[in-house]
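Data first, discussion second: the structure below is written as structure tokens.
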């Protein structure tokens, strides 16, 4: 905005009082310069910590000196503007540097506005007022955000000095003004009345209107009946790229473009016909961006009632509409998931009134959707008792959510159902609501009851079988006792009497008789060995396991040493734990005594079945077998045919005749039983004439 023809003061070149005003301006500027310089010099001496306040005072003299120079060379109008707006800028910068609105320098704003009114006129007053309001608002925002350094309280010395300086400056200025303007009071009063009449309410209202229009977020314009744009605010000009100094009075088509005018014109015509029109439409900005606006067009009527133009207001709702669309999409997605979910879902108010249910809930409860909506769960009889519902609600409201709660609910047929309910409190526009997911557990409950009954029946059967097993063990113990005592007696008699016959009557029996007695003795002794092996096999099945760490490698060395000592004439290469994957060797967890029986049987077999071979080699070791260790005994002896391997670990089954190799046929069966008692397995690989490998695992 520029100055108008009604502005008074130094802007009128033909003013008869130009000389007086130049002197007043010079005097005022001189007082300001001296006051600020004195303050800037004195403040650091009496208040050292307030260096920024001294800087604020030091910023004001430079523009005042420039204005003083311009007044001296006769350019009064420019000097006045420099004095007002230059000092205003320096004052604002100084306040921003030190304390914001708490800085006492802010009290100078009204003085500058007063000087502007005296020297530049109403338009400049309005501009300066608007700038001051904007500056104060920005300073207030910065101060609230903590961006400005807080102002420490002024010292008493500075307060006294400031009061003295201000009083002296005010006294000097007042005396000068009174002396210089005493003869002009009547003229100034008369001129003020004239300005008040000429500016009046119209200009004040126009200034307020312009201030409001330029600062509202809406886009506002005014057009006459010929669609000539006579008014447009800053947002309107910015969106359509019109610039600050658009030539108002031009056609709307030239200002907003043909495409935008085509959208705007039909509704503007409605306003020109006397109707208020409201709509939502899309417009294209100068950058090509398309935005959506809520528009209203209001007719402007002259005093005689005719429509002479319209006011248009456009509010950008693009983000709002996008948010609404996203909300609709979210609601649609939720609705689809809600109704398509195979899990029964209910949305209800805090007092239990059903707002929405999905098809799964209707299907499983037996109720129709229209029977449920709008009614409470207590009215529908879904709860066995109202107190059950109150207890559930109390826990849910207290925690805000409740996951996996087992409840009993009643279906449409009056049948109880066990359900698993997970609920969440939701804040809705109409008040809090409850979203519940319901899983029918009736089948699972029945299955649990059936399992409990089956477990009880199984427990009874286990007790019964345990009793039977206990009785069988007692019978086995009784059998073992009989074998140990009743069968050994006649065997000892056979062997003993045969020995007596050989000793006392051997020379009378002849060679054939002695041979028969020797065979009887060998059979009795062999039967005694079989009885011992059978007793040992039966004890393996009944013996309690004592689990401990066992070094199988060390055990293998001891057994092989004993075997070598028993036949010192044999040349046998023995290898123990040569390539074991574990650094600590072949270690296992089991019953030491029983595992020694396994090792003695397997290593004893290897020693026995290599007795007729040359270059004998017996090896014990282990290797990884999944997550377990597999232990093996390998020899290069006589081997056996794998076609008969199924009988290998059965009692009394032998791969070779007793005349070739001695043995009872019980050893491998005993070893297999011990391995199985340890939760492992045993197996063998062999080839006739090329040896055999026996391997086993433990739990």
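Residue numbers (this note's numbering): 6 to 704.
Note that beta-carbon positions come from the ideal geometry of N, C-alpha and C, so glycine has one too.
As a quick exercise: from 284, 327, 656 and 373, pick the residue whose alpha carbon is nearest that of residue 302.
284
Roughly how many whole angstroms lie between the Cα atoms of residue 643 and residue 512?
42 Å
How about residue 564 and residue 605: do their beta carbons lie closer than 8 Å?
yes
Who are the Cβ neighbours of residue 287 in its own chain at under 8 Å, not counting the five residues just before and after it?
268, 295, 296, 297 and 298
Taking the CB atoms as reference points, tell me whether residue 359 and residue 377 lie closer together than 8 Å.
yes
Does the distance from the C-beta atom of residue 382 to that of residue 422 stay below 8 Å?
no
Nearest CA to the CA of residue 691: which residue from 100, 702, 649 and 682?
649
Within 10 angstroms of its Cβ, does residue 456 collect 16 or more other Cβ (buried), or is it exposed?
exposed
With a threshold of 7 Å on Cβ separation, who are the neighbours of residue 178 within its own chain once the five nearest residues in sequence on each side are excluded?
With a pLDDT of 48 at residue 178, under the threshold of 50, the predicted position of this residue should be treated as unreliable, though the coordinate-derived value follows. Closer than 7 Å at the Cβ level, and outside the excluded window around residue 178, lie 33 and 36.
Within 8 Å of any Cβ in chain B, is that where the Cβ of residue 466 sits?
In the structure shown, chain B does not exist; there is a single protein chain.
Is the separation between the beta-carbon of residue 125 and that of residue 89 shorter than 8 Å?
With contacts defined by Cβ atoms closer than 8 Å, residue 125 and residue 89 form a contacting pair.
Taking the alpha-carbon positions, what's the residue 2 to residue 452 distance?
Absent from the structure is residue 2, since the part of the chain shown begins at 6 and ends at 704.
Taking C-beta to C-beta, are residue 313 and residue 230 nearer than 8 Å?
yes
How about residue 439 and residue 428: are their beta carbons less than 8 Å apart?
Against a cut-off of 8 Å, the Cβ pair of residue 428 and residue 439 comes out as a contact.
Within the same chain, show all residues whose beta-carbon is closer than 6 Å to that of residue 137, passing over the 5 residues directly before and after it, in chain order.
114
Out of 351, 461, 431 and 340, point me to the one whose CA is closest to residue 443's CA.
351
Can the beta-carbon of residue 247 be found closer than 8 Å to that of residue 260?
yes
Just verifying my parser: in three-state terms, what is the DSSP assignment at residue 407?
strand
Over what stretch of residues does the beta strand (DSSP E) that includes residue 224 continue unbroken?
224-229
So, helix, strand or coil for residue 367, using DSSP?
Three-state DSSP puts residue 367 in a helix.
So, is residue 15 buried or exposed, given that buried needs 16 or more other C-beta atoms within 10 angstroms?
Per-residue confidence for residue 15 stands at a pLDDT of 34, beneath the threshold of 50, marking its modelled position as unreliable; the derived number appears in the next sentence. Under this definition residue 15 is a buried residue.
Suppose the cutoff is 6 Å on Cβ atoms and the five residues either side in sequence are ignored; what does the same chain contact list for residue 555 look like?
593, 595, 597 and 600
Assign residue 497 to one of two classes, buried (16 or more other C-beta atoms within 10 Å of its C-beta) or exposed (fewer than that).
exposed
Do residue 561 and residue 608 have their CB atoms nearer than 8 Å?
yes
Report yes or no: do the stretch 85-99 and the stretch 59-73 share at least 3 C-beta pairs separated by less than 8 Å?
yes
Using C-beta distances below 6 Å, list every residue in its chain close to residue 180, excluding the 5 sequence neighbours before and after it, in chain order.
The pLDDT assigned to residue 180 is 47, lower than 50, so where the model puts this residue is not dependable, and the model offers no usable value.
Could you tell me whether the Cβ atoms of residue 72 and residue 45 are closer together than 8 Å?
Not a contact, by the Cβ cut-off of 8 Å.
Where DSSP assigns a beta bridge to residue 49, which residues make up the other side?
Per DSSP, none; premise fails for residue 49.
Nearest-angstrom Cα distance between residue 405 and residue 355?
Whole-angstrom Cα-Cα distance: 12 Å.
Nearest CA to the CA of residue 132: which residue from 79, 215 and 143?
Residue 215 is the option with its Cα nearest to residue 132.
Below 8 Å on the Cβ atoms is my guess for residue 558 versus residue 581; work out the distance and round it to an integer in Å.
5 Å
Can you find the residues in the same chain that come closer than 7 Å, C-beta to C-beta, to residue 226, ignoring five residues on each side of it along the sequence?
Taken in chain order, the residues that qualify are 234, 236, 237, 241 and 317.
When DSSP labels each residue in this structure, what does residue 90 get in the three-state scheme?
helix
Please report the straight-line C-alpha distance between residue 118 and residue 279, rounded to a whole angstrom.
43 Å
Let me know the beta strand (DSSP E) ranges lying completely inside the stretch 589-676, each 3 residues or longer, listed in chain order.
Listed in chain order, the complete beta strand (DSSP E) runs (minimum 3 residues) inside the stretch 589-676 are 592-595, 621-630 and 633-640.
Tell me, which residues are paired with residue 423 by DSSP?
413
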